[in-house]
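Trainee:
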Amino acid sequence: MKYRWAAVIILVVALTGCMHGVGWPDREAAFAAIDERRAHEVIAVLASPVYEGRRSGTAGEALAAGWIASQFKDIGLSEAPGFTDYRTTYPSPLYTIEAFTGITARGTAGESFLGDRAQSAPYAGSGTVEAGAVLAGFGVTMDGYDEYAGLDVIGKVVFILRYSAPSRSVPEAQTYLAAKVSGAASRGAAGVIIVDMPSSPSPFDMEGQTVSALPGAPPSALVSVDGARSLFWAAGLSFDEVAAQAWAGGIVSRDLAMTVRFGVTADWNPEARAYNVAGVLAGRDPTRQVLICAHHDHLGTDRTGAVYPGADDDASGVAVMLEAARAMASAKGPPPVSIWFVSFSGEEEGLLGSAAFAAGTPGLASSLVGVLNLDMMRSTSGLGVAVDSSDERMMDAISRAIRDGASLAVIPWSGGSDHETFSRLDVPTCMVTAHGREVPWYHATTDTALDFPVSGLGTAVQDVLRVVWGLTGSL
Ligand SMILES: [Zn+2]
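Numbering-wise, the sequence shown is residues 6 to 480 according to the numbering used here.
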């Protein structure tokens, strides 16, 4: 009996050693190295006015990328192939909105003009549009609830309500302004007007016009509730009635029987460049990687010079990624596969940084074990992990992490951030993000580090480690 037990123990030790590597994951050392105050300081640094809102292609973004590179160096990470000083650069032509005409509407009931009750949208393209208008509700398309159904939007100006109907449980990604603009554009809209809601906890700021623009997007505008009342009046409609009906979950999509005209002038700097930053914790098998990513770019400044600090979006993801790198680098022994830590630029402009990274890294899809994207960590009640339930490998890693004590809530997969780039390559992906909360600071000047809670960041780092351990067979 004695010898048989000894043989079993030797076998277990041998198997454990072979699967996990000596020391790895070294949970005790890794968890002990986590410092949530340091993570919070990273958020405060990146959200500070020095970095001017970190808009992709600006001097502020280049400075932020340099600072993140200095952190990778300090942690002792090695460089990814093709990176110099932990950075690579790609062209990111910088579009800036120079002028907005205001909106003129001519309908069956009369004509209205919106000057300062409208402004260009942050995802506007350059150009002037004069066309018939349609209303597409909140612009949501999901099972059994399609606000575009039967609506002819080709060549039209599409009105879309801000947010979504509370009773409809719409995926958060469909409520973003960028998603609303691109959803209308992909259906052939010639212009997009996003209309604020009377129930809005933070009305559109009509003073501080956002200065970014997107090439290829149709001219797009934001309209205040007052402005919406005036435009809908021209079409013989009560905006408040339509908004209330939509908020209650009704379909309000229709032809608005009016002609709308407005224009956006965007200027661009074709020389602008953006930076991706990467550091590598080399594994025993360096030909395979787990990638932990976040994005350091944000929206920059508005025409009044006000900074969009982007503390939650996504300085917080970079902070948690850096702290995870410090924790894993503190563990004894190399991980079974390499762990790549990547901070992307160009997420806000349409996942351009991760696309440039994927295009510039040959053989990436076959060498990636999995991708964890960290986007918007601000929460006091635990984070969610957005995962496709048919992604068996990632589901298994997350189940193992949760059995191990991770406080992650599994939420439905949604794109709209950098993991989408890798999901298109058929790589197991997930997005760790806060969920089930109001986000009045989203893409606003109020997304600051000042009231960002420290508590929760340490748990976030632990949960990220657990998912990585789950992916590498170490749990
Ligand atoms: Zn964002």
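Glycine included, C-beta positions come from ideal geometry on N, C-alpha and C.
Output the distance between the C-alpha atoms of D31 and G322, rounded to the nearest integer angstrom.
Mentor: Numbered from 1 along the sequence shown, position 26 holds the residue referred to as residue 31. Numbered from 1 along the sequence shown, position 317 holds the residue referred to as residue 322. Roughly 23 Å separates the two Cα atoms.
Trainee: Three-state secondary structure (DSSP) at A103?
Mentor: What you label residue 103 is simply residue 98 of the sequence shown in a count that begins at 1. In the sequence under discussion, the amino acid at residue 103 is Glu, which differs from the Ala named in the question. Here E103 sits in strand by DSSP.
Trainee: Can you find a heavy atom of ligand 1 that lies under 8 Å from the Cβ of E177?
Mentor: In the sequence shown, residue 177 corresponds to position 172, counting from 1. Result no, Cβ not under 8 Å from ligand 1.
Trainee: Anyone know if the C-beta pair for V3 and G288 falls short of 9 Å?
Mentor: The question about residue 3 has no answer, for the chain in this structure spans 6 to 480.
Trainee: For D401, which three-state DSSP category applies?
Mentor: Position 396 of the sequence shown, counting from 1, holds the residue named residue 401. Helix, per DSSP.
Trainee: Does the beta-carbon of K337 have 16 or more other beta-carbons within 10 angstroms, so that it is buried, or is it exposed?
Mentor: Looking up residue 337 in the sequence shown gives position 332. Its Cβ having fewer than 16 others within 10 Å, K337 is exposed.
Trainee: Shortest alpha-carbon distance to S174 belongs to which of G149, F244, A332, F427?
Mentor: As a working mapping, residue 174 is identified with position 169 in the sequence shown. Selected option, being the one with the closest Cα: G149.
Trainee: Is it buried or exposed for N274, if we count other Cβ within 10 angstroms and need 16 for buried?
Mentor: Working through the sequence shown from its first residue, we reach residue 274 at position 269. Classification of N274: exposed, given that the 10 Å Cβ count is below 16.
Trainee: Which of the three DSSP states, helix, strand or coil, is assigned to Y313?
Mentor: Here residue 313 is taken as the residue at index 308 of the sequence shown, counted from 1. DSSP places Y313 in coil when its eight states are reduced to three.
Trainee: Let me know the secondary structure DSSP gives W72 once reduced to three states.
Mentor: Against the sequence shown, residue 72 aligns to sequence position 67. If DSSP states are grouped into helix, strand and coil, W72 belongs with the helices.
Trainee: Select from A411, A402, P127, V390 the residue whose C-alpha is nearest the C-alpha of S419.
Mentor: Position 414 of the sequence shown holds residue 419. Cα-wise, what sits closest to S419 is V390.
Trainee: Rounded to the nearest angstrom, what separates T385 and A361 at their Cα positions?
Mentor: Numbered from its first residue, the sequence shown carries residue 385 at position 380. Numbered from its first residue, the sequence shown carries residue 361 at position 356. Cα to Cα, the separation comes out at about 34 Å.
Trainee: Give me, in chain order, the residues of the same chain whose beta-carbon lies closer than 7 Å to that of I73; leave out the 5 immediate sequence neighbours on both sides.
Mentor: Sequence index remark: in the sequence shown, residue 73 carries index 68 (1-based). So the list reads V282, H301, V323, S348, once near-sequence residues are dropped.
Trainee: Indicate whether the contact test is met: 3 or more Cβ pairs, each with one atom in the segment 367-386 and one in the segment 448-466, closer than 8 Å.
Mentor: yes
Trainee: Considering only residues of the same chain and omitting the five flanking positions on each side of V466, which have a CB-CB separation below 8 Å?
Mentor: To locate residue 466, count along the sequence shown from 1; it is residue 461. Excluding residues within five positions, the ones whose Cβ falls inside 8 Å are I39, E41, A44, V325, E328, A329, A332.
Trainee: Flag this pair as touching only if the segment 184-203 and the segment 226-245 have three or more C-beta atom pairs under 8 Å; answer yes or no.
Mentor: When C-beta atoms of the segment 184-203 are compared with those of the segment 226-245, three or more pairs fall below 8 Å, so the two segments count as touching.
Trainee: What's the C-alpha gap between F105 and D409?
Mentor: If you number the sequence shown from 1, residue 105 lands on position 100. If you number the sequence shown from 1, residue 409 lands on position 404. Those two C-alpha atoms are separated by around 54 Å.
Trainee: I want to check one thing, is the minimum distance from the CB of E353 to the heavy atoms of ligand 1 below 8 Å?
Mentor: Your numbering for residue 353 matches position 348 in the sequence shown. True, at least one ligand heavy atom lies under 8 Å from that Cβ.
Trainee: What residue ranges within the segment 177-248 form continuous beta strand (DSSP E) runs of no fewer than 3 residues, ordered along the chain?
Mentor: You should have 196-200, 225-228.
Trainee: Name, in chain order, the residues that DSSP records as bridge partners for A334.
Mentor: Along the sequence shown, read from residue 1 onward, the residue named residue 334 stands at position 329. DSSP, once it has assigned bridges, lists no residue as partnering A334.
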